[in-house]
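Notes follow the structure.
Protein chains: 4
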Amino acid sequence: MTLRLGMIGAGIMGADHARIFSEQIPGVSLQFICDADQTRARNIADTTGAANIAADAIAVINHKSVDAVVIAAPDQFHAPLTLACIAAGKPVLCEKPLSPSSQECINVMDAEIKQGQHLVQVGFMRRFDPSYVEVKNILKSGALGKALMLHCFHRNVAAPANFEGFMAISNSAPHEFDAARWMLDTDFKSISVFRPGGVNASPSAPVFMVVETITGQLVNIEVNNNAGYGYDVRGELVGEKGTAFLNAPVNAVANLALKQVTTYAEDWRPRFAEAYRMQNLAWVKSIQSGNPTGSNAWDGYCATLVAEAGVKALYSGSTVHLDPIAKPKFYD
Amino acid sequence: MTLRLGMIGAGIMGADHARIFSEQIPGVSLQFICDADQTRARNIADTTGAANIAADAIAVINHKSVDAVVIAAPDQFHAPLTLACIAAGKPVLCEKPLSPSSQECINVMDAEIKQGQHLVQVGFMRRFDPSYVEVKNILKSGALGKALMLHCFHRNVAAPANFEGFMAISNSAPHEFDAARWMLDTDFKSISVFRPGGVNASPSAPVFMVVETITGQLVNIEVNNNAGYGYDVRGELVGEKGTAFLNAPVNAVANLALKQVTTYAEDWRPRFAEAYRMQNLAWVKSIQSGNPTGSNAWDGYCATLVAEAGVKALYSGSTVHLDPIAKPKFYD
Amino acid sequence: MTLRLGMIGAGIMGADHARIFSEQIPGVSLQFICDADQTRARNIADTTGAANIAADAIAVINHKSVDAVVIAAPDQFHAPLTLACIAAGKPVLCEKPLSPSSQECINVMDAEIKQGQHLVQVGFMRRFDPSYVEVKNILKSGALGKALMLHCFHRNVAAPANFEGFMAISNSAPHEFDAARWMLDTDFKSISVFRPGGVNASPSAPVFMVVETITGQLVNIEVNNNAGYGYDVRGELVGEKGTAFLNAPVNAVANLALKQVTTYAEDWRPRFAEAYRMQNLAWVKSIQSGNPTGSNAWDGYCATLVAEAGVKALYSGSTVHLDPIAKPKFYD
Amino acid sequence: MTLRLGMIGAGIMGADHARIFSEQIPGVSLQFICDADQTRARNIADTTGAANIAADAIAVINHKSVDAVVIAAPDQFHAPLTLACIAAGKPVLCEKPLSPSSQECINVMDAEIKQGQHLVQVGFMRRFDPSYVEVKNILKSGALGKALMLHCFHRNVAAPANFEGFMAISNSAPHEFDAARWMLDTDFKSISVFRPGGVNASPSAPVFMVVETITGQLVNIEVNNNAGYGYDVRGELVGEKGTAFLNAPVNAVANLALKQVTTYAEDWRPRFAEAYRMQNLAWVKSIQSGNPTGSNAWDGYCATLVAEAGVKALYSGSTVHLDPIAKPKFYD
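Chains as they are written, first to last, in numbering that gives the first Met the number 0: chain Y, 0 to 331; chain L, 0 to 331; chain D, 0 to 331; chain P, 0 to 331.
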């Protein structure tokens, strides 16, 4: 009955997933830690008690002792590996993005539809974060009236050295895109992109996006990969009768040296520890129950589509309208 | 030595100014409360101890026992009355906007320059609000690095019955426009306007503006005149190294009925009580010292210019670039 | 009509009062700044525009051009100077304590009763602080049910060099004592005193008091004159159905260097700036209207009485029961 | 390798533990749900997938297929059942209190020492709560200097019908007592108890305790089982150089109807969900590793001893000094 997992990718995300599954999720075992870098795989296997390490992801996916797969490989491998999972008929939790290319996302959907089972969950873990869930519950309660706007703020301490502005849209913003579609239960129509500095913006400058939905809401997103002060994700949902803020976890408040202080972490892990745990729990339960949960391949496609449009809007300086494929009935 | 004031306008703003000057500002006396509606004028005079009431604003402005004038008449009279004050050589604190028309603002500047004295202060009181002042001080301290963005949120409980979307830009947003120019010490270059519902937006829908400055910052402004839940003005300044939030005054926090609660007021008065007091104090001191303070006629022009552009952007759906006159040296 | 004030004492409190009256209170003029140290008096007179300086407090009190008196002299002079004001039939705002000796407070009451007019207000300004007023209003609204407990926290950055533990009770706690009596509308029955370290407590250690009221509430007070981190006064009123916290003013919140930060001041002035202004405004109005406000001589006596009992409780290690005189009808 | 658990008690705490172990803790299986009420046991077994139900706790404890035991039976059975676990040589997580009687706690220690293995963990889960852990980490960092006081606030919505004041001390306060001992790394010396209303206190009135430690700190505890407004546990640690507050988890903040609102739960489960999960994870790991964690039998004794003293202090109105047995070396 234990779900035997093949973990593909032993980087920072893979290590985190392996740790979460081994320490916090009942009913699973780590069958393989797979990475081209065998040292990394070995290290994770040692700390998590995983049964084996491997270097060949396709072999792991197809291995008879693997029941389900977690993909935390580099982005360009997400779709090919997901396709291999579909071909093997195995449930897969694929880190976001499903693919950097919307066409590849379509390919994944085509394969999954053809295969006939819901096998793909994309790792947009914010859908499981207690703050996102509670704000959505407040909206669903009717207390706010209809949703009108969602203000989103995504801040990292510092971007990697080779960072360029478009990456804020293609790499960081998809979390915001998916969370907003889910929160508002809608799809996107268009995207406009602004940057401090405009056409002369520094590569390190934030990106500010205004995304319109087909149901009329505005989603306003700051992605600020060089915010300097800490990892900080905020948001406010504005309805006709009121608003609701996401609240990040804070464990203590200190009074010291003429200051009252709470602390930010340097990366996403403390902020979203509970979201990842809840996502991974829900994924395992969904496999056991046969009822898919979380973001599916269509959601992955939608996030990539708006990211592609956002990059175009960034370079063109104009509002870009989305032109999605018709939503396959399979994903209703 | 007492500064004798002529108060023009006995509506809600006029009543508030009369109350502030009589109760909280040393060194002034209320010489006239002037309003076409003599009952309103009488009521305010009775509660504030003002010496006289009057119906003719021009006569009050020119009266020899009036040293300085406060204009809280309807918007369309602001510029004509300000011009009368300039003609009389008397200092004037004019409620915002200086005029709904940028051309009229130019006329006021022309008159003031010709008259040769700095006589006009526009009632953008946020420049005196302790939260705006402290955020600006944090910026000036260098702690945040250079300013990159300013997020502004302006919310009223409910708009009047005849409210239309453009009024959010022409009537409410000027406070945001002036505060942002002052906070960032810059001028505006262009404005884009979005609304939930887009071209089909409800008249009650919020307006969302992205304003770019000539020095490259983004000023993102929600004006939400039907926010439903309370009068609420927020803001966050985003710099290269950190951010700072405006904090509104809160006197108590209650724990009741499964809730922790703080209260919002129904209008701006509690939120900006201190800002008005500080503004009016500073205005009186500036007359005594001869050193102008606060927003001048140029600032009033700049706020109206961007508001006019914003209304155009609202109707056109396109970004509108500002085309200001050259800043007169008089206002350097 | 202008109320001409004699300011006795040009130390830090006197300077602050002079500044408040000159800058923020209409209807008054500073007739004398009186201090044995004429340089201090001169400096304050120069910055506030006071008309005269003086060295002889009694002469100032009796001067025909002085309508009312503010006493901010050292504590031991409070009662004698207040008695002189009563003898002169002039309203007096006396900084707390009315006297360090409850017997002297009785003497002041006797004199005031004999004189027959309510002339004495003690400078317990917290009764005018917006946070205290709002918490009391919440209590009066009935929302909390009956009051059961009041938790009070009084913290200074650092005590003076010669500080001893009893001073926390005799000098700092009276503000808490008066605020609690006023908030709960009751009187005190007994006081118990604890200190970290007990009988071996460091002179710098905080004092913790449990005060019982005649109507059954507990008032639990930390006075911590060496709190280290900032000037911080907090409080929570606990009722049968809920609680309410005092909220101190905060103008901005900064995000910097992995921290979210608000700042504390080094002394009481920013925290209670509004309380002092409102107190002084109310005092002036009360003289104009003839309706006394704020803490009277009886309140001053009650605060000193419990402070004396608290010092006894500190040294004895036992609960000390208060034995007040009967409340004179004059103070009902 | 899976740890097979016998769950004793299927009331609210037992149900919660069964849910936590089944849903959130890897490496365990629920072998028995044991309760005299077989319907309750059945219900929990059905929702958690437990293998069996049982009615005889001793038989479960001794069953060869049970590796470890969780005791969530009524308080009076805690010690006898724990003694049975010791006799069987099986690790036991016993809900607090270890026993309502300090003598019974001594009996448990005697048996455990004689048995020679560390088998007993008492369910003082706050030691694992992220807010308690972070405040303790701040203290350990040295930032606060030495600890001087700990202010604790424990509030329930409403006490059961038959509640009496002493239960606040014997049933609710032990969580505070253990957390304070752990936080301050010390032991208690004496306890004083106060109540609003004093000797005439209503049975529903809160209890306020001042507990002194052998190292000189004060622990001031409000236990308010009828707080009315919500389940709320707060605390502030006061050190020589600063203070730190416990911060409870809050997921969202809503703006509605002239209020800004966060919500309280009606019971402890949301507040301490993470604490229970972390405790139960740590307990399982401690069995696997052989390194005990959490509160041991000595800690359980210390909490009961001060509770017994607190009840005496309540009835006597005097400070009661503790007279503990010497700490057995086994627990160093």
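Built from N, CA and C at the ideal position, the CB exists for glycine as well.
Query                                                                                                                                : Result
Cβ-Cβ distance between TYR275/Y and ASN155/Y below 7 angstroms                                                                       : no
Length of the line joining the Cα atoms of TYR300/D and GLU133/L                                                                     : 40 angstroms
Chain-ordered neighbours of ASP231/D on chain Y, where CB pairs are closer than 9 angstroms                                          : ASN254 and GLN259
Buried/exposed call for ASN254/Y, threshold 16 Cβ in 10 Å                                                                            : buried
Residue of ALA312/D, VAL121/D, ALA243/D and VAL59/D minimising C-alpha distance to SER140/D                                          : ALA243/D
Cutoff 8 angstroms; reference PRO291/L; Cβ partners in own chain excluding five residues on either side                              : HIS117, GLN120 and SER285
Residue environment, PRO159/L, which counts as buried when at least 16 other CB atoms sit within 10 Å                                : exposed
GLN37/D vs ALA54/D beta-carbon contact at 7 angstroms                                                                                : yes
First through last residue of the beta strand (DSSP E) which encompasses SER130/Y                                                    : From DSSP, SER130/Y is part of no beta strand (DSSP E) but of the alpha helix (DSSP H) over 129 to 139.
First and last residue of the uninterrupted alpha helix (DSSP H) at ASP109/Y                                                         : 101 to 114
Min CB distance THR46/Y to chain D below 7 angstroms                                                                                 : no
C-alpha distance - GLY23/L paired with GLU103/D, whole-angstrom precision                                                            : Correcting the residue type first, residue 23/L is Gln in the shown sequence and not Gly. Approximately 35 angstroms, taken between the alpha carbons.
Partner residues on chain D for LYS311/P, Cβ-Cβ distance less than 9 angstroms                                                       : Result: empty, since nearest Cβ-Cβ is about 17 angstroms, beyond 9 angstroms.
Interface partners of THR338/P on chain L, CB under 9 angstroms                                                                      : Examination of residue 338/P is not possible in this model, given that chain P is present from 0 through 331 alone.
Residues of the region 210 to 228 of chain L whose Cβ lies closer than 9 angstroms to any Cβ of chain P, in chain order              : ALA226, GLY227 and TYR228
Under 7 angstroms by beta carbon: chain D residues contacting ALA204/P                                                               : LEU147
ARG180/L - containing beta strand (DSSP E), residue span                                                                             : Run containing ARG180/L: none in the beta strand (DSSP E); it sits in the alpha helix (DSSP H), 172 to 183.
Three or more C-beta pairs below 8 angstroms linking the region 184 to 195 of chain D and the region 208 to 228 of chain D           : yes
CB of VAL305/L within 7 angstroms of CB of PHE207/L, strictly                                                                        : no
Rounded separation between VAL222/L and ALA172/L - CA only                                                                           : 7 angstroms
Assigned secondary structure, THR318/L (DSSP; H/G/I helix, E/B strand, else coil)                                                    : coil
Beta-bridge partners of GLU94/L, as assigned by DSSP                                                                                 : Its beta-bridge partners do not exist; DSSP assigns none.
Within 9 angstroms of chain Y by C-beta, residues of the region 133 to 145 of chain P in sequence order                              : GLU133, VAL134, ASN136, ILE137, ALA142 and LEU143
CB contact below 7 angstroms: ALA243/Y versus chain P                                                                                : yes
Inter-stretch contact (C-beta, 8 angstroms, three-pair minimum) for the region 62 to 80 of chain P and the region 6 to 18 of chain P : yes
Unbroken stretches of the alpha helix (DSSP H), 4 residues or longer, contained in the region 24 to 74 of chain Y                    : 37 to 47 and 56 to 61
ALA123/D (DSSP reduced to helix, strand or coil)                                                                                     : The amino acid occupying residue 123/D in the given sequence is Phe; Ala does not appear at that position. DSSP places PHE123/D in coil when its eight states are reduced to three.
The alpha helix (DSSP H) enclosing SER189/D, as first and last residue numbers                                                       : That residue, SER189/D, is in no alpha helix (DSSP H); its beta strand (DSSP E) goes 187 to 193.
Chain Y contacts from the region 149 to 176 of chain P (Cβ-Cβ distance under 9 angstroms)                                            : none
Minimum Cβ-Cβ distance from GLY196/P to chain D less than 7 angstroms                                                                : yes
Limits of the beta strand (DSSP E) - the one that GLN259/L falls within                                                              : 258 to 262
Chain L contacts made by the region 98 to 132 of chain D, where a contact means CB separation under 8 angstroms                      : PRO129, SER130 and VAL132
Interface positions of the region 262 to 296 of chain P facing chain L (Cβ-Cβ less than 9 angstroms), listed along the chain         : THR262, TYR263, ALA264 and GLU265
Nearest residue (CA-CA) to MET0/Y, options HIS16/Y, THR46/Y, ALA50/Y and SER64/Y                                                     : SER64/Y
Secondary structure of GLY197/D, DSSP reduced to three states                                                                        : helix
Whether SER203/Y touches VAL310/Y by CB criterion (7 angstroms)                                                                      : no
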